[in-house]
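To start, the structure under review is shown below, and the notes come after it.
In this note's numbering, the protein residues as written are 496 to 760.
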């Protein structure tokens, strides 16, 4: 039997998704809990390997298991064994050949800034503090990144992808009071690509660069021209698309849930 799970996690508690020696990761903690429920070793695969400090509300994983268990065992049972920073939101049986990474047609991320003169004790780790931002200019600049492009200037050091070409399906910047949200969907992303896009757009929002600059970086194909990568705490993996599946809809990041569909780009 093969199962798929939908995950939500607080990236502050983990050194990324992928299993590491002697460091807490989402994969290691979840596999320990699944192994205990299944009473057999469980190894899972994921739609994406988020970095240390990056959150998720819509991560999808899958695994094979010989044990017969009710679906609630893979949600409530597993959640009773994991820390509060990791929750299994749903469990579904899937075809034996289902792969959460290779069968995904798109991934969606949101990056959240909050405007404030001082650090917020309640938003710390859930969003990135910024000085006042021109969200209209940021949105206009983001449109220059649409389509299939060579994102060499936006790939992180150590990226092992064979190609830097990615197709951005949708991208926009929305304001909700003091919150400014980058919302981007693409067929796939390079290492640190979303955080580097966020880093470029925030420079536009501060008036340090023109709205044309992020697209000009595409043409330059030189990461050194970009500047700092945006911090991880503002980033959320919120959705993974599978045309042949009818998985439950992933929730928005906590700071945006009260807004409902108004926060969906």
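Glycine included, each C-beta is placed from N, C-alpha and C at the ideal position.
Query, Result
"Could you give the C-beta distance for residue 443 and residue 585, rounded to a whole number, given that I count them as a contact under 8 Å?", "This structure cannot settle anything about residue 443, because the visible part of the chain is limited to 496 through 760."
"Smallest Cα separation from residue 733: which of 497, 698, 503, 499?", "503"
"Report the rounded CA-to-CA distance for residue 692 versus residue 680, giving the unit in angstroms.", "12 Å"
"Could you check which residue in 649, 633, 660 has the C-alpha nearest to that of residue 642?", "660"
"Per DSSP, what kind of secondary structure is residue 526 in: helix, strand or coil?", "helix"
"DSSP puts residue 660 in a beta bridge; with which residues?", "645"
"Can you tell me whether residue 678 is helix, strand or coil according to DSSP?", "strand"
"Within the same chain, show all residues whose beta-carbon is closer than 7 Å to that of residue 510, passing over the 5 residues directly before and after it, in chain order.", "518, 519, 520, 547"
"Could I get the ranges of all uninterrupted beta strand (DSSP E) runs contained in the segment 538-592, with 3 residues as the minimum, in chain order?", "550-559, 581-589"
"Would you kindly work out how many angstroms separate the C-alpha atoms of residue 496 and residue 744, rounded to a whole number?", "23 Å"
"When you compare each of 705, 634, 608, 612 to residue 729 by their alpha carbons, which one comes out closest?", "608"
"Could you check which residue in 541, 723, 704, 718 has the C-alpha nearest to that of residue 554?", "541"
"How long is the line joining the alpha carbons of residue 524 and residue 595, rounded to whole angstroms?", "19 Å"
"If you count every other CB in all the chains shown that lies within 10 Å of the CB of residue 597, and 16 or more means buried, which is it?", "exposed"
"What is the residue span of the beta strand (DSSP E) that residue 736 lies within?", "730-736"
"If we count Cβ pairs, one from each stretch, closer than 8 Å, do we get three or more for the segment 660-677 versus the segment 630-637?", "yes"
"Quick one: is residue 704 buried, meaning 16 or more other Cβ sit within 10 Å of its Cβ, or exposed?", "buried"
"Measure the C-alpha to C-alpha separation of residue 698 and residue 676 and round it to an integer number of angstroms.", "14 Å"
"Which residue from 636, 689, 583 puts its Cα closest to that of residue 727?", "689"
"Between the Cα of residue 751 and those of 662, 625, 678, 581, spot the shortest distance and give me the residue it belongs to.", "678"
"Mind checking whether residue 522 and residue 531 have CB atoms under 8 Å apart?", "no"
"Pull up the CB-CB distance for residue 533 and residue 499, whole angstroms please, since I reckon it's below 8 Å.", "Not quite, the Cβ-Cβ distance comes to about 15 Å (not below 8 Å), so this is no contact."
"Sort out for me which residues DSSP pairs residue 619 with in a bridge.", "622"
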